[in-house]
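Enquirer:
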Amino acid sequence: MNINGSTVLVLGGWGLVGSAVCRKLMEFNPARIIVTSLKQHEAEEAVKELFTLYPDSPTDMFIPWWGNVFTRTSWKDLPREDILKDSEKRRILVDDCIDELNTEILQSSALYDVLFTYKPDAVIDCINTATAIAYQDIYAGARKILKETDDNQYASSETVERLVASLYVPQLTRHIQILYKGLVDAKTTVYLKVGTSGTGGMGLNIPYTHSEEQPSRVLLAKAAVAGAQTLLLFLTARTPNGPIVKEIKPSATIAWKRIGYGQVMRKGKLIPLEDMLPEHAKETNGQFSFNDTQHIIDTGDHVKSVFIDTGENGIFSRAEFQTISALGQMEIVTPEEIADTVVFELRGGNTGLDVINALDASVMGPTYRGGIMRNDAMSQLNALEKQYDVHSVAFEMLGPPRLSKLLFEANILKRIAHSLESVSSMTAIELSKQAEKLIIENHSLRSEMLSVGLVILMSDGEKYLRGSDVKIPAFRGENSLEIDTHSIKQWCYEGWIDLRPSNFEQWQERIIRIKKEVQLIAPDDTSSRHYYGKHYWVDFNEIDEGKLAAWIFEREDKGWRFKR
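Given below as structure tokens:
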């Protein structure tokens, strides 16, 4: 993309990589850069530094935004622990994560808010998402709930909700859903993620575990989340009509921000300088108590030393840095090198370091043999249908229920009209009446639909048929739901077989669209350009359920692949 005159949102713009990215972007004359960070003073400090470096910039060149993008806008400045301590907020936090994504959840999201407010042309995401999610430490939460059940035979609602709130996959899934919807609604052209391998390029033998056991379960969980995020971004990149998606994944120690002497910060806090006199040494018998603080002396001072600040990775001593950066250990990549790669990829260059492109190039897609064999499989399936005089339509195992609904409705049209041409010549009311007559008289067809979990809405829209297993509405823990005009409309879209005339009008409109598509193809055009041509539809003399459902998924639901 052309950075000149564009708005770029840098998530995590205060951090080591984010700051370097902002500086690199300035070489290409963006219109403005929105710099985000978790805390207000960080975002404002980053913007202040940029204005110092580029004093001739317009007053709105650098815009600070702060807050937690993984929660609601109204809570974005609250520490996560404050949210978890509040029973009402904690339950909403859990619901936001595990419920179906809806308009209220989406528009309450801080991430969606910043995307929709600034509508950036490009988003460069330098937030360490894997760390933010994995270091909530599901293991500690699980241990607490197990201890409570051991002691009391049940766990408190707070402990259970805290554990659910820390589950990695639901959090990551919801984050990607909101991110994608926000990028699409903001009409963002490119999303570029600076990700992580989780282990700085090392394997399960990594000796650097943030004071945890080796190999650290939490650290490996971080790597798992990072990998899951990459695959979800891979799928996002394969979604039509969305942004271009790239990911650069540094796999080394990223260093450094500054070198100095002074008080050492660990996890954002000073380290108290403590002592214990040798004469108060404790005996190595009995029990070791974590709460035994007797004879520990608080000197009133804090740890001071020479240090190297590696940004989000923490502050290291000289010896720690010497170890981690040694040849064969994590070694080093500089933030400026990452920024160069990021901006080059953003401008359309090919560094060979985009892991999404690497996955695209290495995954195994459809094959010529598969295509040939598909034709043979279809021939065998069609022959067996004729041999046993059955219609093999849907078992509701492929899903979603909308697919089964569309296939069965197309099958109804096939049974009562026989061809797409005949569907066009009949009225919607006639189609509705004959469809209901078919359902009433054909016990086998009706039973098959109900048995796989579909509901049949009768032609008057006031009665329905159902079996014991119902796929739509999906069961969400409530034993009953209100039936009204809105819910019926939603359920008919999602999976109810709809015998009302209005639904058959929609089917007729689809056939009209298909015919118009075919008419736009020149009669003498026999090239490979067109797929849905006259021959594909057998000159409208047949009805093939699978062909119609595939066309609907592509044209209406935008559910098609554009990468091979």
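The numbering of the sequence shown is our numbering, which starts it at 1005 and goes up by one. Every residue, glycine too, gets a C-beta built ideally from N, C-alpha and C.
1. For ILE1525, which of helix, strand or coil comes out of DSSP?
2. Indicate the three-state DSSP secondary structure (helix, strand or coil) for SER1426 in the structure shown.
3. Pick helix, strand or coil for TYR1158, following the three-state DSSP scheme.
4. Which residue comes first and which comes last in the beta strand (DSSP E) that contains PRO1034?
5. Just tell me which of LEU1503, LYS1123, THR1240 has its CA closest to the CA of SER1010.
6. Quick one: using the 10 Å Cβ neighbour count with 16 as the cut-off for buried, is LEU1281 buried or exposed?
7. Shortest alpha-carbon distance to SER1201 belongs to which of THR1133, TYR1265, LEU1110?
8. Taking all protein chains shown into account, decide if ASN1289 is buried (16 or more other Cβ within 10 angstroms of its Cβ) or exposed.
9. LEU1357 and THR1338: beta carbons closer than 9 Å?
10. Could you have a look at LEU1208 and say whether DSSP puts it in helix, strand or coil?
11. Within 10 angstroms of the Cβ of PRO1062, are there 16 or more other Cβ atoms? Answer buried if so, exposed if not.
12. Quick one: complete alpha helix (DSSP H) runs, 4+ long, within the region 1085-1169?
13. Going by other Cβ atoms of all chains shown within 10 Å of its Cβ, with 16 needed for buried, is PHE1238 buried or exposed?
14. Using a Cβ-Cβ cutoff of less than 7 Å, which residues in the same chain neighbour ASP1302 once the five nearest sequence positions on both sides are dropped?
15. Please determine, among GLU1324, VAL1249, PRO1174, VAL1394, the residue with the shortest C-alpha to C-alpha distance to THR1193.
16. Do you know how far the Cα of GLU1341 is from the Cα of THR1327?
17. Find out if the Cβ-Cβ distance for the pair GLU1251, LYS1197 is shorter than 9 Å.
18. Which first and last residues belong to the beta strand (DSSP E) in which VAL1310 is found?
19. Could you compute how far the alpha carbon of GLY1272 sits from the alpha carbon of ASN1156?
20. Kindly indicate which residue of SER1428, GLN1175, GLY1204 has the alpha-carbon position closest to the one of ILE1516.
21. Taking contact to mean at least 3 C-beta pairs separated by less than 8 Å, is the region 1259-1269 in contact with the region 1310-1320?
22. Which residue's Cα is closest to the Cα of ASN1072: GLU1324, SER1112, ASN1033?
23. ALA1579 to LEU1167, Cα distance in whole Å?
24. Distance check for GLU1558 and LYS1493, CA to CA, integer angstroms please.
25. What are the boundary residues of the beta strand (DSSP E) that TRP1018 is part of?
26. If I measure Cβ to Cβ from GLY1019 and keep anything under 7 Å in the same chain, skipping five residues before and after, which residues do I get?
27. Name, in chain order, the residues that DSSP records as bridge partners for LYS1273.
28. Would you grab the beta carbon distance between ILE1518 and LYS1418 for me? Rounded to a whole angstrom, and I think it's under 8 Å.
29. Just verifying my parser: in three-state terms, what is the DSSP assignment at GLU1251?
30. I'd like the ranges of any beta strand (DSSP E) spanning at least 3 consecutive residues and lying wholly in the region 1420-1487.
31. Report yes or no: do three or more beta-carbon pairs, one from the region 1385-1405 and one from the region 1446-1466, lie closer than 8 Å?
32. Leaving aside the five residues before and after TYR1172 along the sequence, list all residues of the same chain whose C-beta is less than 7 Å from its C-beta, in chain order.
33. Thinking C-alpha only, which one of VAL1098, THR1107, GLN1044 is nearest LYS1080?
34. Verify whether the separation of the beta carbon atoms of ALA1169 and LEU1042 is less than 9 Å.
35. What distance in whole Å lies between the Cβ atoms of SER1220 and GLU1162, which are believed to be in contact at a cut-off of 8 Å?
36. How is GLY1563 classed by DSSP in three states: helix, strand or coil?
Expert: Checking against the coordinates, here is how it stands:
1. coil
2. helix
3. Residue state for TYR1158 is assigned as coil, using DSSP reduced to three classes.
4. Run containing PRO1034: none; DSSP gives neither H nor E here.
5. Ranking the options by Cα distance to SER1010, first place goes to LYS1123.
6. That one is exposed.
7. Selected option, being the one with the closest Cα: THR1133.
8. exposed
9. Contact: no.
10. coil
11. It counts as exposed.
12. 1091-1102, 1107-1112, 1114-1122, 1133-1138, 1142-1156, 1161-1169
13. buried
14. PRO1276, GLU1278
15. VAL1249
16. 22 Å
17. yes
18. Per DSSP, VAL1310 belongs to the beta strand (DSSP E) from 1308-1313.
19. 36 Å
20. SER1428
21. yes
22. Ranking GLU1324, SER1112, ASN1033 by Cα distance to ASN1072 puts SER1112 first.
23. This structure cannot speak to residue 1579, because the chain is shown only from 1005 to 1568.
24. 21 Å
25. Neither: TRP1018 is in no beta strand (DSSP E) and is coded neither H nor E.
26. CYS1130, GLY1315, GLU1316
27. ARG1270
28. Contact doesn't hold; Cβ gap of about 15 Å is too wide.
29. Of the three classes helix, strand and coil, the one that applies to GLU1251 here is strand, per DSSP.
30. none
31. yes
32. ILE1137, ALA1138, ILE1142, ALA1225, VAL1229
33. GLN1044
34. Not closer than 9 Å, so no.
35. Contact doesn't hold; Cβ gap of about 27 Å is too wide.
36. coil
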